[in-house]
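Participant: Let me begin by handing over the structure; questions about it come next.
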Amino acid sequence: MIAISLAMLCAGIVLMVWQPDFIYSTRRGPVLGPGLLVAGVVGALAALVSFVRHEKGQRPRVVIDDRGVHDATGPKAVGLIPWEEIAGLRVVSANSGRNEYVHVFLHHPEQALAQMIADPRRRQAMLARASRGQAPIAINSGVLGLPGVSLVTVIREEGERRVGWESTTS
């Protein structure tokens, strides 16, 4: 984005300085050169804002603590999943194995999702998955840069250590 903006900015300057006749494509005056300059400046500012927001937003995407598992892996993340609600974990591969998700099964999906998810349509979709025997919550382990099996292992070990899960938790 920044490269395109800088290219437009340079093209606008070149057209205004070295080809002033080319700029006057209409009777109303300069169009192309100033247009490219404005587009380049706006694009460069947008790229800079996007870059700063990205750099400031670097925080852990999954946090495991005494309260539970905090999922912040993307826009569909649910936030805090309490230890008491986690009934099981399973790794599922998608897109020919390129993406791995950790499916989280809940003891009481309706009550837990009512506390976790504010959007009623999204909550209904998750409850529909749970009623079909599927996991209502999927944590994308690919954005964490580790295999789904590793994430499941860490969650299980922390569950055993923090709340006394038995090692048979599926």
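Going by numbering that gives the first Met the number 0, 165 is the number at position 166 of the sequence shown; the sequence numbering is gapless.
Here a beta-carbon is modelled for each residue, glycine too, at the ideal position from N, C-alpha and C.
As the structure is a computational prediction, the values presented were derived from the model and not from experiment.
1. Enumerate in chain order the residues of its own chain whose CB-to-CB distance from Met-0 is below 8 angstroms, with the five nearest sequence positions on each side excluded.
2. Quick check on the DSSP output: what are the complete beta strand (DSSP E) runs of length 3 or more inside the region 24 to 88, in order along the chain?
3. How big is the Cα-Cα spacing for Thr-168 and Ile-136?
4. Have a look at Val-61 and Val-37 and give me their C-alpha separation to the nearest angstrom.
5. Would you mind reading off the limits of the beta strand (DSSP E) that contains Val-101?
6. Nearest by alpha-carbon distance to Asp-70: which of Gly-78, Phe-104, Asp-64 is it?
7. Return the bridge partner residues of Ser-92 from the DSSP annotation.
8. Measure the CB-CB distance between Glu-84 and Ser-92 and report whether it falls below 8 angstroms.
9. Hey, quick one: how far does the beta strand (DSSP E) through Ile-154 stretch, first residue to last?
10. On the DSSP letters alone, give me the boundaries of the alpha helix (DSSP H) that Ala-127 sits inside.
11. Could you tell me the distance, in whole angstroms, from the CA atom of Leu-150 to the CA atom of Ser-4?
12. Out of Gly-67, Arg-89, Phe-104, Val-13, which one is the CA nearest neighbour of Val-148?
13. Please look up how many angstroms separate the CB atoms of Leu-8 and Gly-39, rounded, as I've assumed it's under 8 angstroms.
Facilitator: A quick look at the data gives this:
1. Residue mapping note: residue 0 aligns to position 1 of the sequence shown, counting from 1. If we look at Met-0 and ignore the five residues flanking it on each side, its Cβ neighbours are Gly-42, Ala-45, Ala-46, Ser-49.
2. 61 to 63, 67 to 70, 78 to 81
3. For the purposes of this step, residue 168 is identified with residue 169 of the sequence shown, where counting begins at 1. For the purposes of this step, residue 136 is identified with residue 137 of the sequence shown, where counting begins at 1. A caution first: Thr-168 carries a pLDDT of 47, below 50, which makes its placement in the model unreliable, though a value can still be read off. Those two C-alpha atoms are separated by around 17 angstroms.
4. Translated into the one-based positions of the sequence shown, residue 61 becomes position 62. Translated into the one-based positions of the sequence shown, residue 37 becomes position 38. Approximately 41 angstroms, taken between the alpha carbons.
5. Here residue 101 refers to the residue found at position 102 of the sequence shown. It spans 98 to 105 - the beta strand (DSSP E) in which Val-101 sits, taken as one unbroken run.
6. Taking the first residue of the sequence shown as 1, we reach residue 70 at position 71. The shortest Cα separation from Asp-70 among Gly-78, Phe-104, Asp-64 belongs to Gly-78.
7. Locating residue 92 in the sequence shown gives position 93, where the first residue counts as 1. According to DSSP, which records beta bridges pairwise, Ser-92 is partnered with Glu-99.
8. As a first step, residue 84 must be located in the sequence shown, where it is residue number 85. As a first step, residue 92 must be located in the sequence shown, where it is residue number 93. It is not a contact, given that the beta carbons lie outside the stated cut-off.
9. Along the sequence shown, read from residue 1 onward, the residue named residue 154 stands at position 155. From DSSP, Ile-154 is part of no beta strand (DSSP E) but of the alpha helix (DSSP H) over 147 to 162.
10. Position 128 of the sequence shown holds residue 127. Counting along the chain, the alpha helix (DSSP H) containing Ala-127 begins and ends at 119 to 130.
11. If you number the sequence shown from 1, residue 150 lands on position 151. If you number the sequence shown from 1, residue 4 lands on position 5. Each residue's Cα considered, the two are about 40 angstroms apart.
12. Taking the first residue of the sequence shown as 1, we reach residue 148 at position 149. Of the candidates Gly-67, Arg-89, Phe-104, Val-13, the one whose C-alpha sits nearest the C-alpha of Val-148 is Arg-89.
13. For this step, residue 8 is matched to residue 9 along the sequence shown. For this step, residue 39 is matched to residue 40 along the sequence shown. Going by Cβ atoms, the distance from Leu-8 to Gly-39 rounds to 3 angstroms, so yes, they are a contact pair.
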